[in-house]
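If you count by my numbering, then the sequence shown holds residues 5 to 71, one letter each, in order.
Please read the structure below before turning to the comments.
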Amino acid sequence: MLILSRAVDEYIAIDQNIRVCIIGVSGAHVRLGVEAPRDVGVHRTEIYERIKKEEAKGVRDSTLSTR
5 MLILSRAVDE YIAIDQNIRV CIIGVSGAHV RLGVEAPRDV GVHRTEIYER IKKEEAKGVR
65 DSTLSTR
């Protein structure tokens with residue numbers, strides 16, 4: 005894991021087309037802005053995990069329906 009220090013309004017670059025901006029810091033909360041192409045999914049971890057579960061369920065359901 006790479007650990008970086010950034011101040012508000014500073015960016016972190018990921019590859020050539022993704023930028024993460026520090027929008028604000030308030031206590032233990034950090035607000036981030038993410039600039040990425042539309043075809044790149046950007047989600048909070050809990051949402052990403054829910055999407056993956058739904059996708060897996062969809063694959064299982066479609067496999068069962070073709071039998």
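Don't be surprised by glycine CBs; every beta carbon is placed ideally from N, CA and C.
The structure displayed is predicted, hence computed values, not measured ones.
Residue interval of the beta strand (DSSP E) (run including residue i)
| i | result |
| --- | --- |
| I16 | Y15 to I18 |
Nearest-angstrom Cβ-Cβ length linking residue i and residue j, presumed shorter than 8 Å
| i | j | result |
| --- | --- | --- |
| R35 | I27 | 4 Å |
| V46 | V29 | With 8 Å as the limit, V46 and V29 do not qualify as a contact, their Cβ atoms being about 20 Å apart. |
Bridge partner(s) assigned by DSSP for residue i
| i | result |
| --- | --- |
| E39 | R23 |
| G28 | R35 |
CA-to-CA distance, residue j to residue i, given in whole angstroms
| i | j | result |
| --- | --- | --- |
| D19 | L6 | 14 Å |
| E39 | T49 | 17 Å |
| P41 | R10 | 23 Å |
| C25 | K56 | 26 Å |
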